[in-house]
Amino acid sequence: MDIAFSSIKELREGLDSKKFSSVELTKEFLARVKKLDPKLKSFITVTEDQALADAKAADEAIAKGEQQILIGIPYVAKDLFCTKGIKTTAASKILENFKPVYDATVVAKMKQQKAVLLGKTNMDQFAHGSSTETSCFGPSHNPHALDRIPGGSSGGSTVAVAAGLAPFALATETGGSIRQPASLCGVSGWKPTYGRVSRYGVIAMTSSTDSIGSVARSVEDLVLTAEVMAGFDPHDSTTSKVPVKKWGENLPKKLDGLKIGVPKEYFVEGMEKDVEARVKEAIEEVRKLGAKIQSVSLPLTAYGSMVYAIVAPSEISSNLSRYDGIRFGHVTRDAKDLYEIYSKSRGEGFGDEAKRRIMTGTYALSAGYRDAYYLKAQKVRRLLVEEFEKVFSEVDLLLCPSSPNVAVKIGGAADNPLFGYIADQLNIPGALAGLPALSVPCGFGKPADGESVDLPVGLQIIGPQWGEEKVFQAGYAYQQVTEWHKIKPKGF
Amino acid sequence: MVSNDYESIIGLEIHVQLKTKSKMFCSSPNNPDVAEPNVNICEVCTGQPGSMPVANEEAIKKGIMVGLALGCEIPEYSKFDRKNYFYPDLPKGYQISQYDQPVCGKGQVEIESNGEKRVIRITRAHLEEDAGKLVHQDNATLVDLNRSGVPLLETVTEPDFRSPQEAKAFLQNLRNIVRYLGVSDADMEKGHMRCDANISMRVRGEKGLPDYKVEIKNLNSFKAVEAGLAYEARRQAEALEAGERLINETRGWDDAKGVTVSQRSKEEAHDYRYFPEPDLPILRLSREYVRKIADELPELPAQKSERFMGEFGLSKGDAEVLINDKGLASYFEEVVSELMEWFEAEKLPHEDVKKFAKMANNWITGDYQAFLKEGGMEAGDSKITAENMAELIKMIDRGEISVTAGKKVLSVMFEKGGDPSNIAEDENLIQVNDKVKISEAVNVVISENPAAVKDVLGGKKQAAGFLVGKVMEKTKGTANPKLISELFNKVCKKCGHIWAMHWPFKEVPIAERGEKDWCDVEGCDCDDFQE
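Sequence lines, in order, name chains A and B. Using the numbering used here, the letters of the first sequence map in sequence onto residues 1 to 492. Using the numbering used here, the letters of the second sequence map in sequence onto residues 493 to 1023.
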């Protein structure tokens, strides 16, 4: 048995049948991290001692007969999740040495499960980006081609899972930050309905859009994590009291009668041919499972990224205000007055992208501009929500690509200005509407740069608000008839 | 010299610190006055990364209570917004406040100033969180976040006040309201209630608002509000008279110097970049929820004042003194209700209620309140139960103890608590109504003070008062002063002599003389006395 690439379900069986202990599992993964991460750079912090102690405690609990789905299972968390006493950097200089005084709700739930945290993973600084290149610790590398980006902002999390350094990862999305890197690294990623999973303790980017999800090897594994993560949190007023279903109990092999829409605006000029071909093949597979496929239209799609370009920086400019050098984080050594404590601490501590977004957002919210930008954007956002509601009155799910391209070379994204724009078109409207989605591997394609390398392609499954059940069902059924999610990167 | 007749246009913004178990957006204790810094804090009110606010339902309810008392519309939907600015006492870099959908909308209240009734319109009242406190010491500035996140209700009025006195009257009224609602201690000196005032001047008779206004900050007492506004009104009137153009600015009140000082002009004003707080869902205040709060509102000070005047016949002034102290007013009511019970039991005439209420008022707002003040106590803290206070009043009315003795008993009750009749007995303060006993003391006083007696006989009335005092002294205040005076004041209609002065000289044994009011002056055969 290849522990590194086993599913959570297999690891659970192994632990329960005493085939191996949690300590052995943890050591195996830690050894792989030591060996492989220097070329992947998926970790910012490895919590080796704590992990071994936690694994030992989990083994003792298992021996006593404690039964929890994730007990003793190792995992990693994006470095945006607050972990009590463990550095939480948001991949930024300003929080380089920051140790939170409390655990994020989802981390606390993992602790309750006695899952074993291996470490904190790399990401775009404050989740600003889609390549992990804005991390102040340097980019992570795609295990399918080390000179290529893993996507982002949850790049470290997807790399760790793809390379067999962890069975699953906690990640976050604001506008594609789980789906896009999952697609680029060939793993399965879940972006929940906004409000499905508590955001408490996860460093905020765009509070009205941030969603807390996970990355794993299969939809079945994602469901196991989702059942633990989801639910109302008294500390997060935006979480829903809608009861969480036992999604895992109702995962079908067929999709008879399921109505699938394929939005034509999501197949656009500039999309890589291989990506389009793989996604269309995947849709064909879904048809074979019994689903009815129809073309649908979401004409407001193009406005999504414009709305996002206002709403996200506006909220970011406010959310990043607390990093002021007064209570925690980087503080300048060179200030003569209060103004300089602020300007220099923030000037030295924030990266360029954060500064750009702070400036844009501050402008968009300023007196005289607020109505024209922020309020207008919110109105268009409402229209996007309504457009999705309308289309979901006709179909159960939408299928489309997770990313218009396979992984580009590190530093290469800058050469193609249109690339980001098309990518946004696929992920942002749904994010603004708070919709649940999955990205599942659906084959390999060659990059547009002409290099002859096979890189993962992701199929995106989008559901209506609170519609996780059907999203998981479709993803699960698809993975019962395909093997793409089982293919590991060469050399790992 | 100001020749034009100016009137002031004043509006107020008042922050009231709400008394709740926990802070506005987290479960840290709402106890900002604790001495040790940074103890009542958590990740939320210190703005730790990832933390999120949760709106405090108790604070929302208390805000609505104040709104209802101020006659405000309570909207069905209300929301929180972020007010962005940097300051070291503001941990998140923004304050969660309410921008365009406050919890309380338009309202109005009636105030009375200089005997004139005025309606003041309320613009709005909104909930927000307080900032922390900066402590400057040894060339460093320290941040104490115990206060950070404490719930505040900011009430904004229309510019409806025409004098500093009116503004002060409104503030006192608001303080009474929030105290009666039990939503705040509203102690200005402790910062539980903070007031900013906007003032501008116009020539009396002109319509419309002036094209400038000055905001005065740091008004930390009712006195400061009145004095600060009065100073500013005078300063502005003089400036306008001198042909100056006044501009929008913020000025701070310097209490020690009694002047306002310019702090910043409009040009430097903040742009707070308000936007809806995405971490908090929109509040829906169902009509049923609001109605329930309205139904449960306690009696408000204005209503209570009316009732005290109507039911108990108190004067407006007396009623005001009582209602200005919520604890004292409810103590008064308890005492009166004890007296009423006694009325019922004894089947006493109902008209006398007012007489007793008046007595209760005099005792409570007199010596009792003075004792409280001296001890820095509230009515509820004292050892004198309403039952015991009522008993004391009954004893005085029945003449069982004198007013003087009553004061003594009250002071013992205040110190140790207990039943006034026991205390009166222990202290030998039971009033002596026995004329024979009193006359014994009178005898002694007369023999010890021949000069005064001579004065009295010579027609000096003041000397009689002196002798009465001496008798009181001898009897340790227990002799019924009415009876002593009687003894000294009975004058023989025929001979004009004072009865008390003479009978001791007769050989008639005291016991035999008893209550008989005859003239004992030698040579006078009269037996008819007048008082």
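Think of the CB as a built atom: it goes at the ideal place given N, C-alpha and C, for glycine as much as any other residue. Being a predicted model, the structure only gives us computed values, none of them experimental.
Note down, in chain order, every chain A residue with its Cβ under 8 angstroms from the Cβ of B/LYS584.
SER321 and ARG322
Comparing the CB of A/TYR266 with every heavy atom of the ligand ZN, is any distance shorter than 7 angstroms?
With respect to the ligand ZN, the structure shown offers nothing to examine, as it has no ligands at all.
Taking contact to mean 3 or more Cβ pairs, one atom from each stretch, closer than 8 angstroms, check whether the stretch 677-693 of chain B and the stretch 714-724 of chain B are in contact.
yes
Backbone CA spacing between A/ASN405 and A/MET271 [nearest angstrom]:
6 angstroms
By how many angstroms is the C-alpha of B/ASN606 removed from the C-alpha of B/SER754?
31 angstroms
Boundaries (first-last residue) of the beta strand (DSSP E) holding B/LEU619:
608-621
Which residues in the same chain have their Cβ closer than 8 angstroms to the Cβ of B/ILE888, if we skip the five residues on either side of it in sequence?
MET851, SER894, VAL895 and GLY898
Could you please give me the residues that DSSP links to B/GLY539 through a beta bridge?
None, per the DSSP bridge assignment.
Let's see if you can read the secondary structure: which residues bound the alpha helix (DSSP H) around A/VAL223?
219-229
Return the residues of the stretch 189-204 of chain A that lie within a Cβ-Cβ distance of less than 8 angstroms from chain B, sorted by chain order.
ARG199, TYR200, GLY201, VAL202, ILE203 and ALA204
Report the neighbours of B/ALA547 on chain A: residues whose CB is nearer than 9 angstroms to its CB, in chain order.
SER237
Excluding five sequence neighbours on each side, which residues of the same chain lie with their C-beta closer than 6 angstroms to the C-beta of A/TYR266?
CYS400 and LEU426
Reduced DSSP category for A/LYS292 - H, G, I as helix; E, B as strand; rest coil
strand
If the cut-off is 9 angstroms on Cβ atoms, which residues from the stretch 521-548 of chain B count as contacting chain A, listed in chain order?
CYS534, GLU535, VAL536, THR538, GLY539, GLN540, PRO541, GLY542, SER543, MET544, PRO545, VAL546 and ALA547
Specify the secondary structure class of A/HIS485 as computed by DSSP and reduced to three states.
helix
What does a CB cutoff of less than 6 angstroms around A/LYS19 pick up in its chain, not counting 5 residues either side in sequence?
none
Quick one: which chain B residues come within Cβ less than 7 angstroms of A/THR362?
ARG765
For A/PHE388, tell me which candidate among A/VAL106, A/GLN465 and A/THR105 has the shortest Cα-Cα distance.
A/GLN465
Under 8 angstroms, Cβ to Cβ, is there at least one residue of chain A near B/PHE578?
yes
Based on Cα-Cα distance, which residue from A/PHE328, A/ILE326, A/VAL279 and A/PRO263 lies nearest to A/VAL296?
A/PRO263
Interface residues of chain A facing B/PRO773 [CB-CB closer than 8 angstroms]
SER237 and THR238
Can you give, in chain order, each stretch of the alpha helix (DSSP H) that sits fully within the stretch 705-764 of chain B and has at least 4 residues?
714-733
Of the choices A/ALA63, A/SER130, A/THR193 and A/TYR75, whose alpha-carbon is the least far from that of A/GLU48?
A/TYR75
Assign B/TRP855 to one of three DSSP states: helix, strand, or coil.
helix
Taking the alpha-carbon of A/VAL286 as reference, which of A/LYS486, A/VAL471 and A/THR89 has the nearest alpha-carbon?
A/VAL471
Would you verify that the beta carbon of B/VAL635 is, or is not, closer than 8 angstroms to some beta carbon of chain A?
yes
Test: A/VAL517 CB closer than 8 angstroms to a CB of chain B:
The structure shown has nothing for residue 517 of chain A, since chain A only spans 1 to 492.
Span separating the alpha-carbon of B/ILE876 from that of B/PRO793:
24 angstroms
If we cut at 8 angstroms on Cβ distances, does B/PRO651 have a partner in chain A?
no
Inspect the CB distances between the stretch 533-549 of chain B and the stretch 563-570 of chain B and report whether three or more fall short of 8 angstroms.
no
With a threshold of 16 other CB atoms inside 10 Å of the CB of A/SER393, please say whether the residue is buried or exposed.
exposed
Grouping DSSP H, G and I as helix and E and B as strand, with all else coil, what is B/GLN629?
strand
Helix, strand or coil for A/ASP2? Go by DSSP, reduced to three states.
coil
For A/PRO456, which residues does DSSP report across the bridge?
A/PHE444
Hey, could you find the ends of the alpha helix (DSSP H) A/GLY114 is sitting in?
Sequence check: residue 114 of chain A is Lys here, not Gly. It is not in any alpha helix (DSSP H) - A/LYS114 carries neither H nor E in the DSSP assignment.
Would you mind working out which of B/GLU826, B/VAL531 and B/PRO583 sits nearest B/GLY872, comparing C-alpha positions?
B/GLU826
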